[in-house]
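Protein chains in written order, with the working numbering: chain A, -19 to 143; chain U, 49 to 367.
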């Protein structure tokens, strides 16, 4: 029953799964957007491990990024990277406890470029506007616990996949 | 039914006016709760002449650089997913440009909160109004709980009513500022929110894995308040309220709340345990079916407390 509810909610806010293909047919910025997307997904995962963030945070960050990109894109590499950062900071604030309740660091570094805090904050607002403030979205991680139970996973398997 | 106290035109900064005046007019302050909770005022949508309520959430100067506050993310995100006749509808979200200072939430407009209504000198006809009130409130709550959202801050202030021919025509639950959506895997929740008077005993005892039952407790307190015309439990801190609860309903025991003693050792200090009072004597105006429902809503053990869906099926609320 819980699962059905979650499933229904997920379906309601699903992003266009083939947005990549759609981009290919409509714009010449496809390569740039996708190169940056994979770079940012990589960055989000790396950051999550380095800061010991929870898995939910990581999945939610990527989810926000994909939903944002399926609604629009930037032409500049710089802006695309800020979107990635903003998605992670938003996800952190949603999933983590109090001590992470703010954009702690002054600057963010991705490879050689640096991004200031206010750029990220401005982008957070932009992301929220585009996603219409719908950011409590079930991610793969929420389904994982159901699938584990369904698969009769033992404690060892569970530990391996959840942390 | 009741005249709203007119507080005049709200005091806003030029930036704030810039955002809202293009689309709205006829501003009138209806509730001022200090800067932390934000002012509420009503105004008219220029295009359709529709009257709406607007709430301003201001982000403190020192927090601006920390990104969108979690409270706003949570509040708006939850409101956006809700759509039910007994829940106040959020129309639009506006914000000041560039350096974001304020967020404006535009809601549908409903005239009176239950709190104001209870404060009117006219006695409430509980027999007549109690049932439709509870039915609508619980159906809103049942909807929330099916969506796996806990309101956590139900109180007369947050229940809005509008009347037609002396009957409740609309009832709306509002203020989802501290609402929480529960998603598996579950983690412990914070227990420091809401008004202690309407807090369930498991919260006051410090349990962090509470559930939707806390809202039912609050609703039970509110229903009792409508009948008594004063809050059921009065006090300004947790321990005081807890004492009042135990005085009325008795101390919990291992029989009626399995596991309570292991989670909360001081319960055993009540020896012999306090005996519950007779609710019928406390609420002489209420019919037996209503008493039964009230006692199930105010059941100490959260696991045996009635759920919103079950309560709607209760004989008292059956048409």
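Note that the Cβ used here is the ideal one computed from N, Cα and C, for glycine as well.
A residue is called buried when at least 16 other Cβ atoms come within 10 angstroms of its Cβ; residue 123 of chain U meets this threshold and is buried. In terms of CA proximity to residue 101 of chain A, A:68 leads the group A:42, A:68, A:33. Looking at the DSSP output, residue 212 of chain U shares a beta bridge with U:215. For residue 113 of chain A, the chain U residues whose C-beta falls within less than 7 Å of its own C-beta are 124, 125, 128, 141, listed in chain order. If you keep only unbroken alpha helix (DSSP H) runs of at least 4 residues inside the stretch 84 to 134 of chain U, you get 118 to 129. Taking a Cβ-Cβ cut-off of 8 Å, the neighbours of residue 69 of chain A in chain U comprise 115, given in sequence order. For residue 251 of chain U, no chain A residue has a Cβ inside 8 Å of its Cβ, as the nearest lies near 18 Å away. Residue pairing of residue 152 of chain U in beta bridges, as defined by DSSP: U:104, U:142. Residue 105 of chain U does not reach chain A, its nearest Cβ partner there being about 12 Å away, counting only Cβ pairs nearer than 9 Å. In the DSSP assignment, residue 95 of chain A falls within the beta strand (DSSP E) that extends over 93 to 96. DSSP places residue 46 of chain A in the uninterrupted alpha helix (DSSP H) bounded by 35 to 49.
According to the DSSP assignment, residue 303 of chain U belongs to no alpha helix (DSSP H), since it is labelled neither H nor E. Contact annotation for residue 121 of chain U against chain A: 70, 73, 74, 108, 113, 115 [CB-CB distance below 8 Å, chain order]. For residue 352 of chain U, there is no enclosing alpha helix (DSSP H), as DSSP gives it neither H nor E.
Here DSSP, grouped into helix, strand and coil, assigns residue 160 of chain U to strand.
Take the alpha-carbon of residue 184 of chain U and the one of residue 139 of chain U: they are about 21 Å apart. As the crow flies, the alpha-carbon of residue 254 of chain U is around 13 Å from that of residue 350 of chain U.
A buried status is given to residue 61 of chain A, since no fewer than 16 other beta-carbon atoms sit within 10 Å of its beta-carbon. Residue 71 of chain A and residue 217 of chain U have their C-alpha atoms spaced approximately 40 Å apart.
Sequence-distant Cβ neighbours of residue 364 of chain U in its own chain, meaning closer than 6 Å and more than five residues away, are 337, 338, 341. Counting only residues of its own chain and dropping the five nearest sequence neighbours on each side, residue 286 of chain U has a CB closer than 8 Å to the CB of 244, 247, 252. Going by DSSP, residue 59 of chain A is part of the alpha helix (DSSP H) stretching over 57 to 75. When 7 Å is used as the limit between beta carbons, residue 72 of chain U is near no residue of chain A, the shortest such separation being about 19 Å. Of all alpha-carbon atoms in U:211, U:187, U:91, U:118, the one lying nearest the alpha-carbon of residue 157 of chain U is that of U:91.
Annotation for residue 110 of chain A: 48, 51, 52 place their beta carbon closer than 8 Å to its own, counting only its chain and skipping 5 residues before and after.
By a beta-carbon distance limit of 8 Å, residue 277 of chain U does not contact residue 249 of chain U. Their separation comes to about 24 Å. Taking the Cβ atoms as the reference, residue 155 of chain U lies roughly 5 Å from residue 101 of chain U, within the contact range of under 8 Å. For residue 226 of chain U, there is no enclosing alpha helix (DSSP H), as DSSP marks it with neither H nor E.
Between residue 104 of chain U and residue 151 of chain U, the CB-CB gap stays under 9 Å.
If you look at residue 259 of chain U, you'll find it isn't in any alpha helix (DSSP H); DSSP assigns it neither H nor E. Short of 8 Å from the beta carbon of residue 120 of chain A, and not among the five residues preceding or following it, lie these beta carbons of its own chain, in chain order: 39.
Across the set U:209, U:108, U:199, the C-alpha of U:209 shows the shortest separation from the C-alpha of residue 160 of chain U.
Taking a C-beta distance under 9 Å as the contact criterion, residue 77 of chain U and residue 113 of chain A do not qualify as a contact pair. When the alpha-carbon of residue 190 of chain U is set against those of U:263, U:149, U:201, the nearest one is in U:263. About 4 Å separates the Cβ atoms of residue 103 of chain A and residue 66 of chain A, confirming a contact at the 8 Å cut-off.
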